[in-house]
Amino acid sequence: MRAFEATLSFVEGYTSDIFTKHQVSLNRARNDYRLKVAFLREKAMQLHSLQSNVLCLEINATSATKSTLLDEI
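Below, the structure written as structure tokens:
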């Protein structure tokens, strides 16, 4: 009976260690994922801002071109 209890105790300790290691790995992966998502969100916001700036520049350039053409006429 003691051998069985010792084996059971060993198996419980071993599986607990494995679970803990996997839990640590999972938590690390979650943190990495969150950091990558935050980074990509920031880059998406920067890209949106740049697109807005380009659109404003295109509108201003079109407006300036129209004004120049009207001045020449």
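Residues in the sequence shown are numbered from 469 upward in steps of one, following this note's numbering. In this text, a Cβ means the ideal position worked out from N, Cα and C, and glycines have one as well.
C-alpha gap between residue i and residue j, whole angstroms
| i | j | result |
| --- | --- | --- |
| N499 | H516 | 26 Å |
| S531 | Q491 | 60 Å |
| F487 | G481 | 10 Å |
| A497 | R509 | 18 Å |
| N495 | K534 | 58 Å |
| E473 | D485 | 18 Å |
| T475 | A506 | 46 Å |
| A529 | V522 | 10 Å |
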